[in-house]
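For the sequence shown, counting from 1, position 51 maps to 1471 in my numbering; every step adds exactly one.
Glycine included, each C-beta is placed from N, C-alpha and C at the ideal position.
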Amino acid sequence: MKKISTLFKKDIHNLGRVINEINPENNWVFDGKAIATQKFDGSACAVINGKLYKRYDAKKGKTAPEGAIPCQEADLITGHHPHWIACDIDKKEDQYFWEGFTALAELGRVEDGTYELIGEKVRNNPENIRGHALVKHGHYILSLESLDFEFIKNFLSNPENDMEGIVFHHTADNRMCKIRKSDFGVRRISVKELIV
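Right under this line is the structure:
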């Protein structure tokens, strides 16, 4: 899974924030060629030919483990090179990936594609769930009234929309871009009670 760009341009004075200017490579979103989906905050993984993989980021100067599958070419500036590496059912570090995978299998819903691992032991559980689950990328479609900067900012600022952000998927090819709640300086709601 390739790193994806941000819908709006970054603020050059604060790269953690965006400005009200479209990132030119994402004009397709505003041309009506995008499906908006919920972005979950977890750990990326994939099912490839029925096998479970997790994301491994080979940083500049580091070599990916043997058998790793590149997600994209290495970034020429940062050297960042994401890969997929097989999850090992016998390794403790992979147990939550397997818990999510097993839950999918029990429902008969394992299919090739990319997923987000979410749950109690993943990134402090911002999705507020019990156990662990694999959520297929692009599965939860959002209905947005507008793609206007202020509308999206207000949508993500609304406490009722407690999500990490939005991922836009191109309707005809594999292009994607994202916008996070944090791009507007907005934090997520604190977890108080787990959702069953």
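Cβ separation of residue i and residue j, assumed to be a contact under 8 Å, to the nearest whole Å
i, j, result
"Thr-1534", "Ala-1456", "With 8 Å as the limit, Thr-1534 and Ala-1456 do not qualify as a contact, their Cβ atoms being about 17 Å apart."
"Glu-1540", "Arg-1550", "7 Å"
"Ala-1484", "His-1501", "7 Å"
"Lys-1598", "Ile-1424", "5 Å"
"Ile-1505", "Tyr-1476", "4 Å"
"Ala-1454", "His-1590", "6 Å"
Counted within 10 angstroms of its Cβ, other Cβ atoms place residue i as buried (16 or more) or exposed
i, result
"Arg-1600", "buried"
"Asn-1446", "buried"
"Ile-1685", "There is no way to answer for residue 1685, as the model of the chain reaches only from 1421 to 1616."
"Gln-1592", "With the sequence shown as reference, residue 1592 is identified as Ala, and Gln is not the correct amino acid for it. Exposed, since its Cβ has fewer than 16 Cβ neighbours within 10 Å."
"Phe-1575", "buried"
"Ala-1525", "exposed"
"Glu-1493", "exposed"
"Gly-1585", "buried"
Beta-carbon proximity of residue i to residue j, cut-off 8 Å
i, j, result
"Phe-1462", "Arg-1595", "First, the amino acid is wrong: residue 1462 is Gly here, not Phe. No, the Cβ-Cβ distance between Gly-1462 and Arg-1595 is not below 8 Å."
"Glu-1536", "Phe-1428", "no"
"Val-1449", "Leu-1567", "yes"
"Leu-1375", "Gln-1458", "With the chain covering only 1421 through 1616, there is no way to say anything about residue 1375."
"Arg-1608", "Pro-1546", "yes"
"Phe-1517", "Lys-1471", "no"
"Asp-1603", "Thr-1426", "yes"
"Ala-1523", "His-1503", "no"
Host beta strand (DSSP E) of residue i (start-end)
i, result
"Val-1587", "1585-1590"
"Ala-1454", "1454-1459"
"Asp-1431", "1428-1431"
"Ile-1599", "1596-1600"
"Val-1606", "Looking at the DSSP string, Val-1606 is not in any beta strand (DSSP E), and its letter there is neither H nor E."
"Asn-1434", "1434-1442"
"Cys-1465", "1463-1468"
"Asp-1477", "1471-1478"
Range of the contiguous alpha helix (DSSP H) that encloses residue i
i, result
"Ser-1577", "1569-1577"
"Tyr-1447", "Per the sequence shown, the amino acid found at residue 1447 is Asn instead of Tyr. 1447-1450 is the span of the alpha helix (DSSP H), which, as asked, contains Asn-1447."
- Continuous alpha helix (DSSP H) assignments of at least 4 residues falling wholly in the segment 1502-1564: 1515-1526
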